[in-house]
Structures are given as structure tokens and as C-alpha cells.
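Data block below; observations after.
Residue numbers (UniProt numbering): 1 to 496.
The structure is reproduced here in C-alpha cells:
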């Protein structure tokens, strides 16, 4: 063997030895750092074979029973840490809020938003857009009398439309969607639509279809294996819907720009355009058209889906539990009588308030919080979670936590009442998430839910269609990005 061959063999031996040392060091380091436990992963697919892709939250709940409140799963090449139960989710999102404040880059939502807007934005862009959104929503009346008056006006249109059904069976979901959408539309665009307006109907169709498609198993597969995107029709439909929705928004803000007056702002879009003009001299500003388009889309979808889904669940549950419906109506009669419901009545109506909260808890509209990402290395419940880890807070596990709720799997308004019948706030009530990424429109949502729900039960008593009993009603949800009821029909009988 010549000198060069000996040198080569020696180098190979040294490199092999160093690689073995490195691998051993990696595994020893990970053991010392106490990473969250989880099921053994298979090559390529990870733990994908364990999941019900139509209702992944059910699999996450089952795994939390086996591996505890902090555990990990492998989805393709991505390591995910799942947080389960009130104490764990609160510790992460509230007590260590900054460390869990980032949003990971999720393929389908990066395709749709490019990281702009609010919901799926990152870093400084997210901070600027969130600050602007909260300030502008408050300026346009969120939590104040001005927006309350808009809701009161809108529930008048809603009640008249439902009354026109004359007690016959109908699907209330589209009418409710229209009423709820008009509240956020009035803020974003400065006007409301007639429920039969073709443009309005189309915007609602685009949004509802996109939310349903985003929850499809094939979209989940794309997020795990993005190189399969060219095979998936759902992705193409989502992108087409986004383009059509944003084309309408573009036309709208061009119209607003023509008559923009910074001293007389008519809408959220006006407020953004004024900021855009102020920022013209800045080359790397945040108030550009891409952010505006994504922001309007984010707020429209969030302002529509969660509230309308909750109201649709509330009516279905009133059909299922008519004795609860009667108790709400008795409280309405005692406190409001025939007067228009207002927010000031809420503190005098503990049972109604409890029912609304229990609908949100029981339905768990958003079973999985939108994913978070750690901004730094974190220790949570004695487990080490590295910076940049994909985090899923399991909100349904908080809303069904047996340590926090007496009857977590039942619809039980008494969860929010004390022994004297007074309303009780619960820390484990997190339908809008918690921490830095909590829903920006939470105050508006609470106002809408109370006013719409109370006005509906003041005017009507709701029954299943003839031949359908309460026991026939199906509370299993439809397949969607969020938990929505399956389509159902309802009879609204006017109260004397």
C-alpha cells in the first residue's frame, strides 16, 4: 500500500469516527435536553398513518392521553409539538407569550397570502399590521355604541328575512352568514349589502368554499408534502377564489382612493390608504397593496366564519334542547320585554350569557389553534423545545379539560353560572385562542353573538321541521377547516 492510499484510509477512518461521535453527541444532547415524547415515526410519512385527516383534532386528543400534555409528532419531514390542556396552553401562549408568538410558514397559506396581512403574517410585518388593525377597529367603533347601532340595524334586516319564511322549514345558515358578514363589511368598506346582492352572495360563496376546502385532507397532505401541489385540484380552487375575492377588493379601494379624504375616513380601507400615502417616501414600508388585500381577506373571513358558525350551532342546540331555549326566552321577557336588545342588557341576563358561552365551548369552532412557532429555545413543562419549532395548541382540549369543566362533553350552560345563578368567567374559556395571536376582533365577536342570538330568541321560537324530533338532530360536525354543523333545516315561529 503506497503512502497516498494509507493517507486516504486514515482520513476515511478519522471522518467515520468523527461522524459517529457527532451522531452520538446529537442523541446524547437531545436526551439531556429532554425533548417531548411521541409515537415512533415511519420513514418519509412520519406519523401520518396514525391520523384521521378529516378530523385530525380527534387523533391529537387521543395521542395526548397516551403521551401527555406536551408531545411531538412527525408529519412528513416536519416535527410538530402539540400542547394539550388548559394549564399547558396557558403556560405557553400567555405566560411565555413572546416565545410562542411567531407563525410558521405553512405552504397553502404562504401561497395564498405570501406572509402578508395579519393572520399568517410574520415578524415585524405582523406587529405593524396587528397594531394598525386593533387601533382602526377601535376607531370604527369596536366595543362602542357606534358599532352596536350597526348590529341593531342589521338584526332588524335579519329578523324580517327570517319572518318572511312564515314558519316553514328553511336553511338559516345563508341568511345568518349575510347578516354577520354585513357587520365586518360595514367596517371594511363603509357600507352594507342587500342579502340578494349578487356581488355579496358571490363573496360569501368564495369565502365559505375556501374555508371548507382548507380543511380537506388533500390540502393537509399538500402542507406536509408541498411538492405534490400540482396534483391537487383543491389548491387551484383556493388560489382562484383568492384571486377573484381580491380583484373585487382592488376595484373597491381604487374607488375609495378617488374620493379619499383623510379628515373624513369612511372605512378601514380608507384608514389604510391614508397610511399608505403617509408612507410614500419610505421604500421598505408596510402599507402596500399586498398587505391591504391580505388584511381585508383575513378580516372578512375571520369576521364571518367564527361568528356565523357559532350562531348556526346556537340555533341547532336550541332545537336539540328546547327547555334551554324556553329559559333564555323567559329571561328575555323579564329583562328586555319587547324593547330592542342592547349590550347594556347583557349583565342583567346571566343565563343567556352562559348559554352563548357554552355554545362556544361545546362547539369548539376552532379545535386546533392556528399553528404557532417558537421564537427562541423554550422549556415548557420540563421539556426542551428548540427555536423554530412548529407548535399546535389544541384548543378543544382546553374547552374540554376535565379539570376545568364539570361536564366537558355535555352541553351544560351551568358551567358559566355559580350556585346563585350569577354569570362566572372561566379562565379556561379560550375559543379565540390566547396570548399575542388572540383574535383581534374578540370584542366585536362577543357583541355580535349576544345581540344576534338574543334578538332571534326574542322574536322567534325555533323548532325542528315536521316529522323531525330533537333526538333525530345530528350534532356531528361537517368536514371543514373549522367545526361547523352539518346542513339542517329549521322552523322559526313568530312569538306573540
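No residue lacks a Cβ here, since even glycine has one placed at the ideal position from N, Cα and C. Note that the structure is a prediction, hence the values are computed from the model and not measured.
Residue i - DSSP class collapsed to helix/strand/coil
i	result
residue 30	Any reading at residue 30 is ruled out, since the residue's pLDDT is 47, under 50, leaving its predicted position unreliable.
residue 79	strand
residue 322	helix
residue 391	strand
residue 159	helix
residue 305	helix
residue 256	helix
residue 271	helix
residue 288	coil
residue 195	coil
residue 229	helix
residue 263	coil
residue 405	coil
residue 365	coil
residue 51	coil
residue 87	helix
residue 36	coil
residue 279	coil
residue 412	coil
residue 400	coil
residue 96	coil
Exposure of residue i, with buried meaning 16 or more beta-carbon neighbours within 10 Å
i	result
residue 470	exposed
residue 253	buried
residue 476	exposed
residue 244	exposed
residue 142	buried
residue 85	buried
residue 109	buried
residue 62	exposed
residue 288	exposed
residue 309	buried
residue 318	buried
residue 298	buried
residue 331	buried
residue 49	exposed
residue 216	buried
residue 491	buried
residue 437	buried
residue 185	buried
residue 227	exposed
For residue j and residue i, the rounded distance between their alpha carbons
i	j	result
residue 328	residue 334	10 Å
residue 126	residue 116	8 Å
residue 44	residue 77	7 Å
residue 30	residue 402	Here the model assigns residue 30 a pLDDT of 47, short of 50, so the residue's position is not dependable and the matter cannot be decided.
residue 435	residue 104	16 Å
residue 249	residue 189	9 Å
residue 119	residue 466	43 Å
residue 154	residue 449	13 Å
residue 350	residue 259	46 Å
residue 274	residue 47	49 Å
residue 486	residue 461	21 Å
residue 447	residue 316	20 Å
residue 301	residue 192	16 Å
residue 66	residue 72	12 Å
residue 272	residue 181	20 Å
residue 325	residue 457	8 Å
residue 177	residue 451	15 Å
residue 455	residue 359	16 Å
residue 137	residue 441	8 Å
residue 237	residue 483	21 Å
residue 210	residue 197	20 Å
residue 357	residue 239	35 Å
For residue i: DSSP bridge partner residues
i	result
residue 71	82
residue 379	384
residue 417	423
residue 42	46
residue 372	391
residue 493	461
residue 512	Nothing can be reported for residue 512: it is not among the residues displayed for the chain, which extend from 1 to 496.
| field | alpha helix (DSSP H) runs contained entirely in the region 101-139, provided each spans 4 or more residues | value | 107-113, 123-139
| field | Those runs of the beta strand (DSSP E) which lie wholly inside the region 428-490 and span at least 3 residues | value | 460-463
| said: Quick check for students: name the residue ranges of the alpha helix (DSSP H) that lie wholly in the region 331-363, counting only runs of 4 or more. | reply: 350-363
| task | Could you name each continuous alpha helix (DSSP H) segment of 4 residues or more that falls completely within the region 202-252, going from the start of the chain to the end? | result | 217-224
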